[in-house]
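Each residue of the sequence shown is one higher than the one before, starting from 1 at the first, in the working numbering.
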Amino acid sequence: MPIIRKKLIAGNWKMNKTAGEGVTLAKEIVDAIGRETAVDAVLCPPFTALESVAHVLEGQAVKLGAQNMHPEKNGAYTGEVSAEMLRTLYVTHVILGHSERRTYFGETDAFINKKVLAALANELKPILCIGETLAEREGGSTLAVVQRQLEGALAGVKPEQLTSVVIAYEPVWAIGTGKVATTAQAQEVHAFIRELLTKLYGAPLAQKIRILYGGSMKPSNAPELLAQKDIDGGLIGGASLEAKSFVELVKAAMAVS
Ligand code: 13P
């Protein structure tokens with residue numbers, strides 16, 4: 001029997017939406033797909049909107065994610081937020097290792113690994129982002145970069161924890177640029193990631209892990225991407241900031257489920 005991986009569409013709002021604007025957007029999304037269970041949907045607002053969006057999502061199938069967290073439990077880390085703090089706001093998912101955090105905030109694979117382990121220890125599901133820059137792709141090191149990032153971030157993750165991890169392949173050159181990876185380019189890397197997971201954890205587990213694509217995904221290109229064998233959903237930036245396009249993306253995922 002083939003393993004069915006439920007598609008997941010996550011909206012990374014990045015540094016957009018005040019709490020009030022977030023509530024409006026979340027309400028519009030919930031009105032359209034709040035009871036949808038054939039596809040998992042996750043909204044990831046900025047920290048300041050988490051609590052108000054959590055109220056909108058109460059009792060709905062749509063889940064709440066944060067965009068980052070600090071690995072320590074508490075302490076003198078000015079400006080940071082812990083896993084436990086997120087948990088008390090009904091957050092279930094957390095984006096970790098996004099390329100914007102790697103680039104602008106100097107996050108390393110080792111630091112991201114600490115966050116992944118801390119998230120899992122606190123029953124938060126990491127949405128772990130990996131992906132190459134344009135220079136790395138053009139230099140022919142895409143697969144080596146992805147392998148280094150994946151192995152680095154998953155060090156010490158136990159097999160029984162892996163099912164809580166979602167991987168997001170986001171080629172940096174496709175983020176916010178309108179330049180989407182071709183379906184063949186995306187599928188090639190997704191298949192490679194699944195192969196790596198198979199080597200690390202064995203096929204039965206690797207087949208269960210969802211690998212999302214991220215980078216200029218929108219309703220017009222989603223159906224083809226989502227139809228690929230190893231593409232299990234999307235991590236959406238720009239197109240998640242309007243209810244219409246986000247809902248269309250969830251529906252595109254339903255259509256191939
Ligand atoms: P865009 O969809 O705006 O390209 O952003 C993708 C992304 O970085 C999601 O995390």
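For every residue, glycine included, the Cβ atom is placed at its ideal position computed from N, Cα and C.
Looking at residue i: is its Cβ nearer than 8 Å to the Cβ of residue j?
i	j	result
Lys-125	Thr-92	yes
Glu-73	Asp-232	Residue identity check: residue 73 is Lys in the sequence provided, not Glu. Not closer than 8 Å, so no.
Ser-220	Ala-174	no
Thr-18	Ala-49	yes
Ala-186	Gln-228	yes
Val-256	Ile-29	no
Val-53	Ala-26	yes
Met-69	Leu-57	no
Tyr-161	Leu-120	Note that residue 161 is Gln in the sequence shown, not Tyr. Against a cut-off of 8 Å, the Cβ pair of Leu-120 and Gln-161 comes out as a contact.
Pro-45	Lys-115	no
Val-62	Gly-34	yes
Thr-163	Lys-208	yes
Taking all protein chains shown into account, decide if residue i is buried (16 or more other Cβ within 10 angstroms of its Cβ) or exposed.
i	result
Asp-230	buried
Thr-177	exposed
Thr-142	buried
Ala-110	exposed
Pro-159	exposed
Phe-105	exposed
Glu-36	buried
His-98	buried
Asp-40	buried
Lys-14	buried
Give the C-beta separation of residue i and residue j to the nearest angstrom, bearing in mind that I take them to be a contact with Cβ-Cβ under 8 Å.
i	j	result
Leu-117	Gly-156	6 Å
Cys-129	Ala-66	That pair is no contact at about 13 Å.
Val-94	Phe-47	In fact, because the Cβ distance is near 11 Å, the residues do not count as touching under 8 Å.
Arg-210	Pro-171	No, Arg-210 and Pro-171 are not in contact; Cβ-Cβ is about 18 Å, not under 8 Å.
Gly-234	Ala-222	6 Å
Ile-127	Val-189	Incorrect: roughly 16 Å between the Cβ atoms, too far for contact.
Glu-84	Asn-122	6 Å
Leu-241	Asn-16	6 Å
Per DSSP, what kind of secondary structure is residue i in: helix, strand or coil?
i	result
Gly-22	helix
Ile-231	coil
Ala-76	coil
Ala-253	helix
Ala-181	coil
Ser-82	strand
Ile-4	coil
Lys-244	helix
Ile-175	coil
Ala-222	helix
Gly-106	coil
What is the residue span of the alpha helix (DSSP H) that residue i lies within?
i	result
Asn-113	109-121
Gly-152	142-154
Pro-204	203-206
Ala-135	134-138
Between which two residues does the beta strand (DSSP E) harbouring residue i extend?
i	result
Tyr-169	166-169
Leu-212	211-214
Val-94	93-96
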